[in-house]
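Colleague: Residue numbers (our numbering): 145 to 408. Using N, Cα and C, we set each Cβ at its ideal position, and we do this for glycine too.
Structural data, given as structure tokens:
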């Protein structure tokens, strides 16, 4: 199993940022999700985030909402998410689950952490779980040997950043803007300052997500962040493709451009 610590250590040794790709489980289809993620890994993604489809998203923009709706329509459940993680982890990429808290809470924190670890997952990103309410999940994750990743935002105070990073292992997710996910023409200028502020409170890697959609943007973010997170741009290409094979080819092309970007 490839750990996040191994990934970021290797990227640092290569004098580059890590490339993190996001896709929901069950998208574009059950089985097709693993094939799509494998295409991203083959093209240069170091880490894959598998989204757990949820009916009431908080930070997902329209592109990810479309993909998640398709996944839910496909009947994707937590057991399918675990099977997806297992398949993606087999590619050699460090594999996390990005999920809102309610599905974990309903499934059972200890059970979820244990099942994720058994599937080869290395951790979770929980965007709506606050530091004040995270202790049971952090304890379950520590017991299972998986990492916990939380989010900081441009609006975060210094005290809030400190509280968030103290809950993180693996890396810190720096949301580049106040808003929902989605590729944009430019990456918010606040992202660089947020990374700098976050690094003042932790030695963990800091990765930037929300808004990255091109190789040039990935290169820009890689000048100041330890990792570049891309989701909506990949999903949009799959949604626009005439079939799954064409979708895999399209996201592979974009991922290669991104991989070149984080290495500039």
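1) Closer than 8 Å by C-beta to residue 149: which residues in its own chain qualify, once you throw out the five before and the five after it? Chain order, please.
2) May I ask you to verify whether the segment 238–251 touches the segment 269–276, counting CB pairs closer than 8 Å and requiring at least 3?
3) Mind checking residue 153: buried by the 16 CB within 10 Å criterion, or exposed?
4) Per DSSP, what are the beta-bridge partners of residue 314 in this structure?
5) DSSP state of residue 295, grouped into three classes?
6) Helix, strand or coil for residue 242, going by three-state DSSP, please let me know.
7) State the DSSP-derived secondary structure class of residue 166, mapped to helix, strand or coil.
8) Could you check the C-alpha separation between residue 180 and residue 189 for me, to the nearest Å?
9) Do you know how far the Cα of residue 375 is from the Cα of residue 363?
10) Could you tell me the boundaries of the beta strand (DSSP E) in which residue 268 lies?
11) Would you call the segment 156–174 and the segment 332–344 in contact, with 3 or more CB pairs under 8 Å?
12) Just list the residues that DSSP pairs residue 374 with in beta bridges.
13) Helix, strand or coil: which one does DSSP assign to residue 212?
14) Report back the beta-carbon spacing between residue 176 and residue 393 to the nearest angstrom; my notes put them in contact at under 8 Å.
Modeller: Checking against the coordinates, here is how it stands:
1) A distance below 8 Å between beta-carbons, with the five flanking residues on each side excluded, links residue 149 to the following residues of its chain, in chain order: 314.
2) Three or more Cβ pairs drawn from the segment 238–251 and the segment 269–276 lie within less than 8 Å of each other, which places the two stretches in contact.
3) Exposed: under 16 other Cβ atoms inside 10 Å.
4) Residue pairing from DSSP leaves residue 314 without any beta-bridge partner.
5) In the structure shown, residue 295 sits in a strand (DSSP, three-state: E or B).
6) Three-state result, residue 242: strand.
7) Strand at residue 166.
8) Approximately 12 Å between the Cα atoms of the pair.
9) Distance between the alpha carbons of residue 363 and residue 375: 16 Å.
10) Residue range 267–269 is occupied by the beta strand (DSSP E) that includes residue 268.
11) Contact fails: fewer than three Cβ-Cβ distances are below 8 Å.
12) Residue pairing by DSSP places residue 374 opposite 165 in a beta bridge.
13) Here residue 212 sits in helix by DSSP.
14) Actually they are not in contact, since the Cβ atoms of residue 176 and residue 393 sit about 13 Å apart, beyond 8 Å.
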